[in-house]
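What the sequence shown shows, in mature numbering (1 follows the signal peptide of the UniProt record, and there is no 0), is residues -17 to -1, 1 to 690, in sequence order. What follows is a set of notes on a single structure, which appears directly below.
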Amino acid sequence: MKLFLVFLVGLFALVLSNDGKKQYKVANKEFLEKQKRIMQLFKHINQPSHDKEHIEIAKTWSFGEKTDHYTKPEAVKQFIQYWKYGFIPKGEIFSVFHHEHLEQAIALFKIFYYAKDFETFYKTAVWARQNVNEGIFLYSFSVAIVHRPDTYGIILPPIYEVYPHYFYNSETIHTAYYYKQTHRDQHTDQEHGDKAYTIDANYSGHYLNLHPEQSMSYFIEDVGINAFYYYYNLYYPFWMCGKTYGIEKDNRGEIFYYVYQQIVARYYLERLSNDWGETPFINWDVPIETPYYPSLEYPNGLEFPTRPAYAKLHEYFYNYGQRWTTKGPYGYSHSFIHDYERRINDAIDKGHVHDHDGKKIDLTTYEGFNVLGNIIEGNHDSPNKKYYGTIQTFARHLLGYSYQPLDKYHTVPSALEHFETSMRDPAFYQFFKKIVMKFQRYQQYVPPYTEKDLVFPGVKITKVEVDRLVTYQDYFYSDLSNAVYDSDHELEHDTFHIRARQERLNHKPFTYKVTVKSDKDAKASIKIFLGPKYDEYGRYINISENRLNMVELDHFVYDIKSGENIITRHSQETNVYGPDRTSYTDLWKQINEAHKGQKEFHIDGKQSYFYFPQRYMLPKGSPEGKTYQIYVIVYPYEQYKGKDQEIGEYYYPKVGTGAIHVDGYPLGYPFDRFIKFEKLWKQIPNSYFYEAKIYHKHSDEINSSHH
């Protein structure tokens, strides 16, 4: 259990060096060529490519006759079998949480992954781009890019620009259709001088008032937050075998826990900022009170399923009016969830699980927490997936209130059954709060940290200073061109452009200083958390109850010198959060300029990897200032034992090398275990609680303060 993942995956530690200087690598011609060819395959994903090279390759490339071009020819044969006997047609809706869809996506991924060289990979991808179901191609192709060694460093275009239907409400998409159908001469945005139609995109809370949680639509529907979750699941697909694909050193089960624990905690902070309290706790036998109306449409015109208020989850009510008893397992989701939860709870209480051969695996060992994470996620590394199941697959189907499919080709998955849209549904946070509490059931058997465990001898934090914290809303622009269908002429000449303008939460950059006195030189880990101080009623929250609400802001390694150390960090130096992704249009322009030798193209890990959005580092404040607390701890550095490399060639870690772990301490340390004595925590000299207020201002006030 010795490991540390910097919150929500952001640990590609050290895109920034200790002195704050930004690090990047300048792309060479070979890399630029790869990046450019890959980018072209993401353009207008719902239409066949009209690129002449693509058309020619798709006609002539026959990988069935070139099995020697793949390191595992059997993967090609397996894909051909699926292709001959029932692949999902183009235009149908794909969901990774439908078993038959997933099998086909994995088969396609394998021929991408096992291509012997980039040229084979590229030609196989071009063929698939023209022939395979759009959703399956996009998912399998993206996972392959992340995991192939020869595509390490490649920047994926923003998924919200590749698949706008999954990120923007149907109102916005229909407006884009209107402009496309009435388009004549290209419109010029007068304010910015850009040749593109601009649509003001609203959140569903703008025109729906169906539940008070609708007031948080700006957070749960944010394109950056939902994109973060999508990219995280490209790096750690639940179906991927850790040993086969080399990701087991990352301790994915423990990563699974910490990612969701931090997501649930961050959501709670935003609830408090809107004067809402605790996230509701799901009981499968009680109707779920929170309704959900996605306001989304699939590219083929079907609406995303809705969930009514007080929805009953038992089989009879959930499936009422549908033919479901012989149509596969999803109609029995309620029963499967109960069975799997009971088995997992029993395993936690017994302190061991059994693998598929009946062998006992101890959960109380060093590796036990990671094993538990694999079981609860139901990933490929679960020691007995058949017995302990995949709770989240059935929970997503059940809570999403999606319909039982007519057949494998005709499915209408709910928002919870896509990584792109899961975090838009409030039930997502309620369900994963329940999952986080499963791990707390395990932690109750782990002794709390003692004073000896927490104290860094000879080191004391004497002062913490933080700039005034201010949030505000600002405009964000996103390319919507992939939401509409272009003619051959428009595709060839790239003549039609449309974009969305949307208000998103942001904050003023801030700096914090930590003053540390030490009686020796030492290498230390420094970690900063943000958490609530009071609940929605103004009552103080005891740290023993509050530990799961602490959200990590930063984590870095620092060489402390004997004497006084003043450690200054800027909010943009954090290893936990990342900037907005570069738009497809800007990325394409930068690649072409570099390809022509006009400018350098910088490969920046904060664009290549997956980060929680920097703009959501702070929860929304209030005009009078909302009170939170910042917690800082300095502790002895200990290297993660499974680490192969400090950092990759392009300044972000290769998945599977252990390089995402900043140090060798448990996830969320020191808040990973139960806290027995609050008074003890207040007296740890190498830690510090600092009260901070977060203010919210209108963007006009922010702009005027800069003049």
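Glycine is no exception: its CB is placed at the ideal position from the N, C-alpha and C atoms. Remember, predicted model here, so these are calculated numbers, not experimental data.
Q. By how many angstroms is the C-alpha of Y162 removed from the C-alpha of A483?
A. Distance between the alpha carbons of A483 and Y162 is about 12 Å.
(Q) Quick check on G47: buried or exposed, where buried means 16 or more other Cβ atoms within 10 Å of its Cβ? (A) Exposed.
Q: Can you tell me which of the three DSSP states H175 falls into?
A: Summary for H175: the model assigns pLDDT 44, below 50, so the residue's position carries little reliability, and this model does not support an answer.
**Q.** N489 - partner residues in DSSP beta bridges
**A.** Y455.
Q) The alpha helix (DSSP H) spanning V354 covers which residue range? A) G351 to E360 is the extent of the alpha helix (DSSP H) around V354.
Q: Assuming H498 contacts I444 (C-beta within less than 8 Å), just tell me the rounded distance between them.
A: A small correction: the amino acid at residue 498 is Thr; His does not occupy that position in the sequence shown. Confirmed, Cβ separation roughly 7 Å.
Q) Should the region 196 to 205 be regarded as contacting the region 401 to 420, the criterion being three or more beta carbon pairs within less than 8 Å? A) Flag = yes, the region 196 to 205 and the region 401 to 420 touch.
Q) Taking buried to mean at least 16 other C-beta atoms within 10 Å of its own C-beta, is E117 buried or exposed? A) Its Cβ being crowded by 16 or more others within 10 Å, E117 is buried.
Q: Would you identify the three-state DSSP class for A294, choosing helix, strand or coil?
A: Strand at A294.
Q.
Going by beta-carbon coordinates alone, are H363 and M223 separated by less than 8 Å?
A. Yes.
**Q.** Own chain residues within Cβ distance below 7 Å of residue 696, not counting five before or after
**A.** The displayed coordinates of the chain run from -17 to 690. Any statement about residue 696 would go beyond what the structure contains.
Q: Rounded to whole angstroms, what's the CA-CA distance from I658 to N558? Just pull it up for me.
A: Distance between the alpha carbons of I658 and N558: 27 Å.
Q | Where the beta strand (DSSP E) containing V447 begins and where it ends | A | Taken as a continuous stretch (DSSP letters only), the beta strand (DSSP E) holding V447 covers V442 to V449.
**Q.** Proximity below 8 Å, CB of I677 to CB of I511
**A.** Their beta carbons are not under 8 Å apart, which means I677 does not touch I511 by this criterion.
Q. Does the Cβ of S470 have 16 or more other Cβ atoms within 10 Å, making it buried, or fewer, making it exposed?
A. Result: exposed.
(Q) Distance check for D655 and K435, CA to CA, integer angstroms please. (A) Near 16 Å, if we compare the C-alpha coordinates of D655 and K435.
Q: Write down the C-beta distance between F124 and L15 rounded to the nearest angstrom, noting that I regard them as a contact closer than 8 Å.
A: The beta-carbon separation of F124 and L15, rounded to 19 Å, does not stay under the 8 Å limit for a contact.
**Q.** Three-way DSSP call (helix, strand, coil) for T498 in this model
**A.** T498 falls in the strand class under three-state DSSP.
(Q) The beta strand (DSSP E) that contains P515, what's its start and end? (A) That run of the beta strand (DSSP E) goes A505 to P515.
(Q) Between the region 458 to 477 and the region 490 to 497, can you find at least three pairs of beta-carbon atoms closer than 8 Å? (A) No, the region 490 to 497 does not touch the region 458 to 477.
(Q) For S682 and L381, I'd like the C-alpha separation in whole angstroms. (A) The alpha-carbon atoms of S682 and L381 are separated by roughly 41 Å.
Q) Which word fits H690, buried or exposed, when buried means at least 16 other C-beta atoms lie within 10 angstroms of its C-beta? A) Since pLDDT at H690 reaches only 44, below the 50 mark, its modelled position is unreliable, and the value read off the structure follows with that caveat. Around the beta carbon of H690, fewer than 16 other beta carbons sit within 10 angstroms, so the residue counts as exposed.
Q) Does the beta-carbon of S(-1) have 16 or more other beta-carbons within 10 angstroms, so that it is buried, or is it exposed? A) Only weak support is given to the placement of S(-1): the predicted model assigns it a pLDDT of 39, under 50, and the question is left unresolved by the model.
(Q) Quick check on the DSSP output: the beta strand (DSSP E) that includes A111 runs from which residue to which? (A) That residue, A111, is in no beta strand (DSSP E); its alpha helix (DSSP H) goes F101 to N114.
Q) If you pair each beta-carbon of the region 220 to 240 with each one of the region 342 to 355, do three or more pairs fall below 8 Å? A) Contact holds: three or more Cβ-Cβ distances are below 8 Å.
Q: Leaving aside the five residues before and after K417 along the sequence, list all residues of the same chain whose C-beta is less than 7 Å from its C-beta, in chain order.
A: Within the same chain, F264 and I265 come within 7 Å of K417 by CB-CB distance, once the 5 residues on both sides are set aside.
Q.
Just to confirm the assignment, what range does the alpha helix (DSSP H) spanning N529 have?
A. According to the DSSP assignment, N529 belongs to the alpha helix (DSSP H) that extends over I526 to N529.
Q.
Within 10 Å of its beta-carbon, does A675 have 16 or more other beta-carbons around it, so buried, or fewer, so exposed?
A. By the 16-neighbour rule on beta-carbons within 10 angstroms, A675 is buried.
Q) Does the Cβ of residue 696 have 16 or more other Cβ atoms within 10 Å, making it buried, or fewer, making it exposed? A) Because the chain is modelled from -17 through 690, residue 696 falls outside the range shown and cannot be assessed.
Q.
So, at 6 Å on beta carbons, what are the nonlocal neighbours of F415 in its own chain, with the 5 sequence-adjacent residues on each side left out?
A. Apart from the 5 residues on each side of it in sequence, F415 sits with its Cβ closer than 6 Å to the Cβ of Y243 and V247 in its chain, given in chain order.
Q.
Which of the three DSSP states is assigned to D390 in this structure?
A. DSSP places D390 in strand when its eight states are reduced to three.
Q: Can you give me the Cβ contacts of S385 inside the same chain, cut-off strictly under 7 Å, excluding the 5 residues immediately before and after it?
A: Once the five neighbours on either side are set aside, the close Cβ partners of S385 are P288, V395, P396, S397 and E400.
Q | According to DSSP, residues forming a beta bridge with N548 | A | Paired residues: V499.
Q. Are the region 616 to 626 and the region 584 to 601 in contact at 8 Å, needing three or more beta carbon pairs?
A. No, the region 616 to 626 is not in contact with the region 584 to 601.
Q. Of the residues I616, P515 and R424, which one's Cα is nearest the Cα of G260?
A. Checked all of I616, P515 and R424; the closest Cα to G260 is P515.
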